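In full-length UniProt numbering, the protein residues as written are 1 to 523.
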């Protein structure tokens, strides 16, 4: 029988209940401070301000001063503001800005007060707007509704409540003013910190001659790229209603849809785009990215800047998880951890990715196209499937390859060294068991429904474990040196009476003579 919590634990739990039930009050107090312009008032007062200073600067009725004190006390406790004197709770005295409230200071015109970080006022107003709050209030009803048979993904709670999708033309038709606010908020949010990305991840953009910024909005990010790297020719792709009139200058604007076509470039950038979409839609977007870029050898890459769940900090992780549920409420998208991203890239046919850097809640990815990507492997396995008779017991494809993840230090080091060697001298890579599993899963379309790891030994031990009595012929697809393969398959214990055919690329080579080993050149 379960033991109930103690009285002390239950009393503390009641305080937690209040906090969770009243978190909306913190959000509304936060919104109130932004609407009143308290951060800007403190900034204009020289960085600190008293309650009477704020009442005067904001033109509030003097009778509201004690109520303002209570509001500020909550916001100091939640980190929006800080007490500028010895009263830690900020119940009296002076108040100053924190890094959070610095983001909410509105400068003269459109100029940001902090370089590279435009005011996030519209982000707060959009997130706490009636449209988003009402959508969140409909979450329980949304969970209770079954998925329509003809639909692959349910509409978001936002769509169900308002009959329109966020950042879509339907929202512009429903409420043009709010739609404009949401789009401006998105532009401000996505550009915040982007100059830091350019500074901290310069190697990602160095050597790139042309770049397409998908859903690049008003072109702020593209202009920042051109300013930092004048040699890069930037194109901004977004919907016609977002692009507006054709603009000229250092950035080229293209009105279009990334689900249909992406303007060709050496690199395609997706900054905080994919978290708006489910995996199926993301694969479609990435497929169009692949069509738009050249091979890795020609510098082709996809640059992804997005949230990566799994921050070590409690508050940072909480922010990521809140964003994940918020995306579920207002879009059909989601936030992803590194495993989710890896699986998504694999589904899209990208055989390699690199997390260049994690900045705050975001990660900067490079996706690289290899000759042997997932699609190529599926084609190879499909040809294997044609080679072996279907439906007969015992026919199989045997893959002998490296599986990263050896428990031994020296053996694991050897695997990782080979992985880097493959990166340097070929277009391939080594894989761990999860990556092999994902590859075989994707290759299910080639006719293979199951796989099994028989042994994870060294090559020679594995070859010697094959029973030659049950193996009359081996057809080997190879990209390795034939001298090595010939030696491997010329073991007397294996092929005293049986033949081995090595199927390899046709290229000039010295004559190899191994008994019972024949070579067939690729056509």
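Glycine is no exception: its CB is placed at the ideal position from the N, C-alpha and C atoms.
Since this is a predicted model, take the numbers as computed values, not measurements.
Could you tell me how far apart the beta carbons of residue i and residue j are, in whole angstroms, since I believe they sit closer than 8 Å?
i, j, result
"residue 181", "residue 126", "6 Å"
"residue 255", "residue 239", "7 Å"
"residue 216", "residue 237", "6 Å"
"residue 354", "residue 366", "5 Å"
"residue 97", "residue 34", "So it is not a contact: roughly 13 Å between Cβ atoms."
"residue 80", "residue 100", "6 Å"
"residue 153", "residue 278", "5 Å"
Can you give me the start and stop residues for the beta strand (DSSP E) that residue i sits inside?
i, result
"residue 50", "48-50"
"residue 304", "301-309"
"residue 267", "267-271"
"residue 234", "233-238"
"residue 212", "210-214"
"residue 279", "No beta strand (DSSP E) holds residue 279; the alpha helix (DSSP H) holding it covers 279-292."
"residue 81", "81-83"
"residue 251", "251-255"
"residue 560", "No answer is possible for residue 560: the residues shown for the chain start at 1 and end at 523."
"residue 96", "94-97"
Got a sec, what are the start and stop residues for the alpha helix (DSSP H) residue i sits in?
i, result
"residue 14", "7-21"
"residue 339", "338-347"
"residue 204", "202-205"
"residue 70", "65-77"
"residue 328", "314-330"
"residue 186", "176-191"
"residue 137", "130-137"
"residue 122", "121-127"
"residue 228", "220-228"
"residue 157", "157-162"
"residue 62", "Taken as a continuous stretch (DSSP letters only), residue 62 belongs to no alpha helix (DSSP H), as it is neither H nor E."
"residue 42", "38-44"
By how many angstroms is the C-alpha of residue j removed from the C-alpha of residue i?
i, j, result
"residue 134", "residue 186", "20 Å"
"residue 124", "residue 37", "12 Å"
"residue 543", "residue 17", "With the chain covering only 1 through 523, there is no way to say anything about residue 543."
"residue 333", "residue 275", "5 Å"
"residue 61", "residue 49", "17 Å"
"residue 4", "residue 260", "58 Å"
"residue 20", "residue 13", "10 Å"
"residue 15", "residue 210", "55 Å"
"residue 69", "residue 316", "28 Å"
"residue 85", "residue 119", "27 Å"
"residue 189", "residue 27", "18 Å"
"residue 416", "residue 291", "31 Å"
"residue 471", "residue 214", "Residue confidence is low: residue 471 scores 46 on pLDDT, short of 50, so the model does not pin down where it sits. Its coordinate-derived value is still stated next. Approximately 53 Å, taken between the alpha carbons."
"residue 178", "residue 401", "56 Å"
"residue 393", "residue 431", "The predicted position of residue 393 is uncertain, since its pLDDT is 49 and thus under 50; a value taken from the coordinates is nonetheless stated next. Taking the straight line from one Cα to the other gives about 29 Å."
"residue 414", "residue 420", "10 Å"
"residue 235", "residue 294", "16 Å"
"residue 192", "residue 251", "19 Å"
"residue 340", "residue 403", "21 Å"
"residue 95", "residue 74", "12 Å"
"residue 22", "residue 93", "27 Å"
"residue 397", "residue 230", "51 Å"
"residue 435", "residue 405", "11 Å"
Please go through the same chain and pick out, in chain order, the residues whose beta-carbon is closer than 7 Å to the beta-carbon of residue i, but skip the five residues on each side of it.
i, result
"residue 289", "262, 268 and 302"
"residue 53", "45"
"residue 207", "299"
"residue 272", "190, 305 and 306"
"residue 457", "Bear in mind that the predicted position of residue 457 carries a pLDDT of just 43, short of 50, making it unreliable; the figure below should be weighed with that in mind. Within the same chain, residue 457 has no close Cβ partners at all."
"residue 166", "158, 182, 330 and 331"
"residue 41", "49, 54, 57 and 58"
"residue 320", "307, 309, 311, 335 and 361"
"residue 418", "402 and 430"
"residue 204", "303, 356, 364 and 366"
Give me, in chain order, the residues of the same chain whose beta-carbon lies closer than 6 Å to that of residue i; leave out the 5 immediate sequence neighbours on both sides.
i, result
"residue 479", "Confidence in residue 479 is poor, its pLDDT being 44 and thus under 50, which makes the residue's placement too unreliable to answer from."
"residue 128", "27 and 31"
"residue 391", "Unreliable positioning characterises residue 391 in this predicted model, as indicated by a pLDDT of 48, which lies under 50. A coordinate reading is not provided."
"residue 43", "105"
"residue 219", "236 and 251"
Please indicate yes or no: does the CB of residue i lie closer than 6 Å to some heavy atom of the ligand HEM?
i, result
"residue 289", "In the structure shown, the ligand HEM is absent, as is every other ligand, since no ligand is present at all."
Can you find the residues in the same chain that come closer than 8 Å, C-beta to C-beta, to residue i, ignoring five residues on each side of it along the sequence?
i, result
"residue 195", "115, 116, 224 and 228"
"residue 138", "157, 160 and 161"
"residue 122", "181, 184, 185 and 188"
"residue 65", "51, 52 and 55"
Answer yes or no: does any C-beta atom of chain C fall closer than 7 Å to that of residue i?
i, result
"residue 13", "The chain labelled as chain C is not found in the depicted structure, where only one protein chain is given."
Inter-stretch contact at 8 Å, needing at least 3 Cβ pairs: the stretch 342-359 / the stretch 197-206:
The stretch 342-359 is in contact with the stretch 197-206.
Count the CB pairs spanning the stretch 344-351 and the stretch 281-297 that are closer than 8 Å, and state whether there are at least three.
Yes, the stretch 344-351 touches the stretch 281-297.
Quick check: the stretch 313-327 against the stretch 161-180, are at least 3 beta-carbon pairs closer than 8 Å? At 8 Å Cβ cutoff, the stretches do not touch.
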